[in-house]
Amino acid sequence: MTSRELADMIQDSPAKCHKALVKEYGRYVYAIVYNKLRGCGTNEDVEECVSDVFADVFLKCEFDLSLDNDVKYLIGTIAKRKAIDRFRSLCARANHMTDADEDDIHELVADFSVDDHVDRSELRRVLLDKIDELGEPDSTILIQKFYYNRNSNEIAKSVSMTATAVRARCSRAMNKLRAKLVEVGING
Amino acid sequence: MKMNNIFDILENAEDDSMERLTDKCPEITDAQLDRILAMSEKKYKTRKKEITGNKKDNNIKMTENSDVSGVEHSKRPTWAVTLRIAASLVLVAGVAIGSTVMLRRNSGIVNDGGKIPPAATATTTEGSGTTHVTTNSSGTTIKNGTTDKNGSTITTVVTAVSTAKDANKQQSGGTGTSGGGAAVSSESVKAYAGKWQYQIATNGLVDVSSRDNGTVIVNEDGTYSYTDTNGYTSSGKVEISTEEIGGTRLTTVNFYVGGVYQFGGYYDDSKPYEINIGNGGTARLVRGDDIIKRCEYQNTAYELVEKYYKMMPIIKFRFHGYLDLNDSVTFKIANPYSNGQIEDVTFARISGNGFEFDSIEDIMAYRRTVYSESLAKRELVPKYKTIDDSYNSGDQIPEADPYSEDGLYYQSFIIYRGHLYANTVSPAMGWLGHVEPREPIVITDITSNSFRAYYPSLTGEFVTEPYTGCDIVDFVLDPSCGEWRMNSLTIADYSVYQSKAAEAKY
């Protein structure tokens, strides 16, 4: 969907346009937000943040929409920024963060390691490659179960299988994945 | 046991990884979409109102010198004034009426000559049709009968087991005693004589998965001794009594030390192997060599299997958290993940929290605290490579084929100048996860030196998920140390556990 198409839709009916946006990009925004908040927020936090993103998108559409661009990138950027803001806010709430003294500043600066970041990035790609190698529906089952924390019944609906079959496949797929990771030296 | 999830690494993904994760994102349900849309609309309208409101409000001016002038308009609904007046009147009237009532309440006090009436009176009545009977050691029966408010009759018959000295006192004085002193032989206690195991529930209700809380030995003379799991022993006297509640007759077995009640429970004739302690089924005493042995073996299986799962990630992932980076060496070696680019790789000694390992043999010895000798031999020795002593920390170590399995980068451990070091650089992620059992471990095939355990297992860390597998673990009494060890572990479907659990009768 381009900005021009969106602008036309808003003129026609803003409510219809909002609904279409949420339907079209809801899953995309959810995935981005979930990726940032998975470790610190609840499902309610994720949904709250997703609604924040769309509220911003609706405003952007109404007041500041540059034409002819693909809206997806705009929505993706808003989602990332909102999710990072929410992540900081949740972490601050969890840690009861106080103002840092000057003495503590150096510790904050040293918090990010480029090497670690690169290692994790590489590891992430290897893991996703190995999961993809398992093929469907195993890769989807593993990601939905262990990354998206869905239970077997929910996964069963999305892959059109029974919950029992999902559990069995999941167990076997996990063993296969473990073996594949060992092959590339990831278990030591 | 909670362990890191390998999938945590997927958090904070870059754009390309994010695309792949989005593809596998579960569909959002219609209800969820509606909820998100409703929340978004609400927020959107609020923010839009703020934006348009700010634009319209031209009453407040701000000059270049940051001087602010003007009047902020506040709009309050006219009905709010009426409401406030009404609320104030109600409040004032309430205070006035309340004060009057409180003052009038104490005005009726009659002077009765200085006597202060008691704060409470108690009347004791004996219910009709009740009999108090108790039987003492000399055969006299003293019955205590009570009728509760529901009309059920509760009758307690106490068989007091007391010392010969106490018994003489009772015979002369005609009164029963409760608790304290050594006991004389009693026929009723004989039925309970023997060894009992004290168990406490770990999952709400006491069952075969319960944990050991010590051993109770009841003697025929009515005395008992209790040894807890720390080896502390106490001894005292056992009292058997019966209670009848709503027509059901229950036997109670109570344990006293020096007249002070320690613990006790109900005995049901249909389950002669147990005394239920407390009302909620949270603890019990069990007897019978077979069931006690099964309980002991459950504890053994639990401890060793849990240690195995704890040990696996520690060894596989190179003692993450126990590496001493102040005692390390760094070599320049080819990284097979970066097309053979030469990189610094640090290897550190393992120390702290009881993991003072300085050789592969130390690691193998640690394994043998869980594995039998034969299983330890079958298990692979952790990957390691010996580095020539001529190299110094900081040197580059050339390799003919850094991409092969023998490549230094792939090695978990190195032996260098007589010491063991663990690799700190190459990929090491969290364990895939294991959850300790929420259901009883089923023990079968007991012999004098072996038994088998069916252990419900779950891969992942989601304790609410149904089980997916069954670990079948064989244990042997290892002759080299005289202790139980795991001899083999095979993985089966959860259905295997279910069928074994259904067969198990306790």
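Going down the list, the sequences are from chains U and X. The first sequence lines up with residues 1 to 188 when you count with the numbering used here. The second sequence lines up with residues 1001 to 1506 when you count with the numbering used here. We put the CB at the ideal spot given by N, CA and C, even for glycine.
*Nearest to U/K36 by alpha carbon, out of U/S139, U/D56, U/A83, U/I186?*
U/A83
*Please report how far the alpha carbon of X/E1019 lies from the alpha carbon of X/R1452, in whole angstroms.*
47 Å
_Against X/G1258, what residues of chain U qualify as contacts under a CB-to-CB distance less than 9 Å, listed in chain order?_
Chain U residues near X/G1258: none, gap ~51 Å exceeds 9 Å.
*Unbroken alpha helix (DSSP H) run spanning U/C170, endpoints*: 163-183
*Please look up how many angstroms separate the CB atoms of X/A1193 and X/N1219, rounded, as I've assumed it's under 8 Å.*
6 Å
*asked:* Quick check: what's the CA-CA separation for U/I10 versus U/V126?
replied: 43 Å
*Are the C-beta atoms of U/I75 and some chain X residue less than 8 Å apart?*
Chain X, which has no Cβ nearer than 8 Å to the Cβ of U/I75, makes this no.
*Using beta-carbon positions only, say whether U/K176 and U/L123 come within less than 8 Å of one another.*
no
*Does DSSP put X/L1380 in a helix, in a strand, or in coil?*
coil
*Flag U/R81 as yes if its beta-carbon sits less than 8 Å from any beta-carbon of chain X, otherwise no.*
no
_Classify U/V46: buried if its beta carbon has 16 or more other beta carbons within 10 angstroms, exposed otherwise._
buried
*Check the Cβ-Cβ distances between X/D1008 and every residue of chain U, and say whether any is below 8 Å.*
Cβ-Cβ to chain U under 8 Å: yes for X/D1008.
*Return helix, strand or coil for X/N1487, following the three-state DSSP convention.*
In the structure shown, X/N1487 falls within a strand segment according to DSSP collapsed to helix, strand and coil.
*Residue nearest to X/K1271 in terms of C-alpha spacing, selected from X/I1291, X/V1095, X/N1423*: X/I1291
*Buried or exposed for U/D104, please, with buried defined as at least 16 other CB atoms from any protein chain shown within 10 angstroms of its CB.*
Since pLDDT at U/D104 reaches only 43, below the 50 mark, its modelled position is unreliable, and the value read off the structure follows with that caveat. By the neighbour-count rule (16 or more Cβ atoms within 10 Å), U/D104 is not buried but exposed.
*Exposed or buried, which one is X/I1085 when buried takes at least 16 other CB atoms within 10 Å?*
exposed
*Does U/R86 get closer than 8 Å to chain X when you measure Cβ to Cβ?*
no
*CB-CB length for X/Q1199 against X/A1301, believed under 8 Å*: Not confirmed; about 15 Å, so no contact.
*Could you name the residues of chain U that X/C1470 contacts, counting a contact when the two beta carbons are closer than 8 Å?*
Going along chain U, no residue has its Cβ under 8 Å from X/C1470, so there is no contact; the nearest lies around 11 Å.
*Where does X/C1295 fall in DSSP's three states?*
helix
*In whole angstroms, what separates the C-alpha of X/S1099 from that of X/L1089?*
Spanning the alpha carbons of X/S1099 and X/L1089 requires a straight line of approximately 16 Å.
*Excluding five sequence neighbours on each side, which residues of the same chain lie with their C-beta closer than 7 Å to the C-beta of X/H1419?*
Excluding the 5 residues flanking it on each side, X/H1419 has same chain C-beta neighbours closer than 7 Å at R1349, D1358, in chain order.
*Partners in chain X for U/Y25, counting only beta-carbon separations shorter than 9 Å*: Neighbours of U/Y25 on chain X: none; closest Cβ ~10 Å, over 9 Å.
*Can you tell me where the beta strand (DSSP E) with X/S1235 in it begins and where it stops?*
1233-1245
*asked:* Between the region 1475-1486 of chain X and the region 1366-1381 of chain X, can you find at least three pairs of beta-carbon atoms closer than 8 Å?
replied: The region 1366-1381 of chain X and the region 1475-1486 of chain X touch, with no fewer than 3 CB-CB distances between them shorter than 8 Å.
_Between X/P1026 and chain U, is any beta-carbon pair separated by less than 8 Å?_
yes
*If we cut at 8 Å on Cβ distances, does U/A179 have a partner in chain X?*
no
*State the Cα-Cα distance for the pair X/F1413 and U/R172, rounded to the nearest angstrom.*
Each residue's Cα considered, the two are about 30 Å apart.
_Cβ neighbours of X/N1299 in the same chain (closer than 6 Å, five flanking residues each side left out)_ = D1212
*Under a CB-based cut-off of 8 Å, is U/C17 close to chain X?*
no
*For X/S1457, collect the residues of the same chain with a Cβ closer than 6 Å to its Cβ; drop the 5 residues on either side in sequence, then sort them by chain order.*
Taking X/S1457 as the centre and dropping the five residues before and after it, the same chain places the C-beta of G1469, D1471 closer than 6 Å to its C-beta, in chain order.
*Listing by chain order, which chain U residues have their CB less than 8 Å from the CB of X/I1036?*
V22, G26, E47, V50, S51, F54
*For X/I1275, is the beta carbon positioned less than 7 Å from some heavy atom of the ligand NAP?*
The model depicted lacks the ligand NAP and carries no ligand whatsoever.
_8 Å Cβ cut-off: residues of chain U touching X/R1367_ = The contacting residues do not exist; X/R1367 stays about 15 Å from chain U at best.
*To the nearest angstrom, how far is it from the Cα of X/T1022 to the Cα of U/E24?*
13 Å
*Name the residue from X/I1491, X/I1397, X/Y1267 whose alpha carbon lies nearest to the alpha carbon of X/T1330.*
X/I1397
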